[in-house]
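Okay, so here's the structure we're looking at.
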Ligand SMILES: [Zn+2]
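Residue numbers (my numbering): 448 to 709.
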């Protein structure tokens with residue numbers, strides 16, 4: 448049978464049979480695939496690296512009828528700094544879980560793979576920090592999937608002139624005219640108290656937060672991790688990004704739930 452070489456990253460590994468491993472790999476050439484590493488759990492196996500999380504490599508494979516079989520690895524790149532730290536490992540798992548949820552087989556996922564690789568590197572960059580890396584990654588994933596927030600014009604009337612308020616359910620910015628009274632956070636708060644409802648759909652954001660969202664939407668993954676934010680702007684960016692993910696990505700992230708307990 449013909450061997451092929453696919454470049455990619457292990458998103459998930461689980462035991463299979465007595466000695467094998469089942470892998471989900473995000474590849475540059477064929478999108479997300481399932482592959483088996485026969486005997487990878489035997490001592491001294493040359494496929495042992497498959498068992499490590501965050502393994503990036505060139506995988507030699509044979510294509511079977513329903514899955515791929517890994518026969519070797521070359522050019523292996525690990526992220527040992529991640530594996531040695533429980534919290535960073537968990538952030539890394541979150542990214543892998545997110546990427547697994549958003550990708551498909553035989554789809555061009557090369558930009559997601561680049562984003563994942565750069566984001567795992569950013570996790571261990573002390574200038575960026577894991578909280579900022581996670582939120583940049585999540586927001587960029589939405590944009591790569593065509594589901595990022597609209598920030599150039601009002602989603603209701605297409606007016607391009609601000610100021611805007613951020614609406615999760617509307618999918619991005621809403622201008623002051625369309626938002627009416629609700630543009631003012633104190634008016635919204637008063638309504639919430641009076642009507643006894645908590646409608647958290649509108650967010651008034653700092654100019655720097657709008658700028659960060661636009662920058663993340665427009666910038667390729669290789670250049671994404673070249674900025675930092677004040678604590679306040681990071682908090683706003685995290686709030687609206689997580690709200691956006693909850694609204695549009697129908698998936699509960701196990702790793703995120705765990706991170707919240709740390
Ligand atoms: Zn409008």
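We put the CB at the ideal spot given by N, CA and C, even for glycine.
Compare the Cα-Cα distances from residue i to each of the options and report the closest residue.
i           : options               : result
residue 520 : 467, 566, 565 and 451 : 451
residue 462 : 640, 584, 487 and 667 : 487
residue 563 : 579, 587 and 484      : 587
residue 709 : 597, 506 and 536      : 536
residue 543 : 466, 457, 603 and 600 : 457
residue 691 : 673, 527, 678 and 647 : 647
residue 644 : 635, 621 and 658      : 635
residue 580 : 651, 639, 663 and 482 : 663
residue 522 : 600, 492, 496 and 696 : 496
residue 572 : 629, 449 and 673      : 673
residue 590 : 467, 570, 667 and 465 : 667
residue 507 : 476, 528 and 526      : 476
residue 527 : 547, 512 and 500      : 500
residue 630 : 651, 529 and 569      : 651
residue 530 : 678, 633 and 498      : 498
residue 491 : 482, 639 and 466      : 466
Starting from residue i, trace the alpha helix (DSSP H) both ways and give me its first and last residue.
i           : result
residue 587 : 577 to 591
residue 570 : 557 to 570
residue 539 : 533 to 549
residue 661 : 654 to 665
residue 500 : Run containing residue 500: none; DSSP gives neither H nor E here.
residue 602 : Per DSSP, residue 602 belongs to no alpha helix (DSSP H) and is neither H nor E.
residue 399 : Nothing about residue 399 can be reported from this structure: the residues present for the chain run from 448 to 709 only.
residue 685 : 678 to 695
residue 671 : No alpha helix (DSSP H) holds residue 671; DSSP gives it neither H nor E.
residue 635 : 632 to 642
residue 594 : No alpha helix (DSSP H) contains residue 594, which DSSP labels as neither H nor E.
residue 527 : 527 to 530
Quick one, are the C-beta atoms of residue i and residue j less than 8 Å apart?
i           : j           : result
residue 560 : residue 473 : yes
residue 575 : residue 675 : yes
residue 460 : residue 453 : no
residue 555 : residue 455 : no
residue 494 : residue 504 : no
residue 584 : residue 614 : no
residue 624 : residue 606 : yes
residue 509 : residue 502 : no
residue 515 : residue 706 : no
residue 594 : residue 480 : no
residue 541 : residue 681 : no
residue 618 : residue 602 : yes
residue 620 : residue 598 : yes
residue 565 : residue 694 : no
residue 660 : residue 596 : yes
residue 699 : residue 582 : no
Starting from residue i, follow its DSSP beta bridges and name the residues at the other end.
i           : result
residue 505 : 454 and 521
residue 462 : 468
residue 516 : 483 and 509
residue 649 : 614
residue 494 : In DSSP, residue 494 forms no bridge with anything.
residue 552 : 478
residue 473 : 456 and 479
Taking the beta strand (DSSP E) that residue i falls in, what are its first and last residues?
i           : result
residue 478 : 478 to 484
residue 614 : 611 to 614
residue 621 : 619 to 622
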